[in-house]
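First comes the structure, then the notes that go with it.
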Amino acid sequence: MSYQEAVPQVKEAFKAQGFGTLTEIDVQAPLKEKLGLDMEPYTILGACNPDLAHRALEAEREIGLLLPCNVVVRAHDGGVLVQALDPQVMVSVPERDALQPIAEEADTRIRAALNSLNPEGA
25 MSYQEAVPQV
35 KEAFKAQGFG
45 TLTEIDVQAP
55 LKEKLGLDME
65 PYTILGACNP
75 DLAHRALEAE
85 REIGLLLPCN
95 VVVRAHDGGV
105 LVQALDPQVM
115 VSVPERDALQ
125 PIAEEADTRI
135 RAALNSLNPE
145 GA
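Shown next as structure tokens:
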């Protein structure tokens, strides 16, 4: 798929897993405008699953520093690359075991969203 098709499809894939898109940052445009730099199309999506976010905030209020979950969509080698931050970071940074089941559920949902974008399932 093209980059222009990918961003809305990624948002839909995450929506199917209970994530809304809170932010959408076009990295390419401000780098060109402010610094005169050219780079590939690159978007950062701030995805949030309200239930998982609430549970994480109940376990550790400071976890808000790591929310929402960032998903990157970028043009790469003639195609599109979609990457998401590993939710296990939520557990390792504050070192709170209570966050482990929340991170595991977020990981399952994020992987399902990413896998749904690849028709080959790889």
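Here the sequence shown is numbered in this note's numbering, starting from 25 and rising by one per residue. Quick reminder that beta carbons are idealized off the backbone N, C-alpha and C, glycines included. Please read these numbers as outputs of a predicted model, since none were measured by experiment.
Take F38, set aside five residues on each side of it, and the residues of its chain with a beta-carbon closer than 6 Å to its own are A71 and A137, in chain order. Annotation note: the segment 51–106 contains the following uninterrupted beta strand (DSSP E) runs of length 3 or greater, listed N- to C-terminal: 66–72 and 93–100.
A direct Cα-Cα distance of roughly 21 Å separates D75 from E48. For F38, the enclosing alpha helix (DSSP H) covers residues Y27 to K39. Rounded to the nearest whole angstrom, the CA to CA distance from E84 to I134 is 21 Å. In the DSSP assignment, A122 falls outside any alpha helix (DSSP H) and carries neither an H nor an E.
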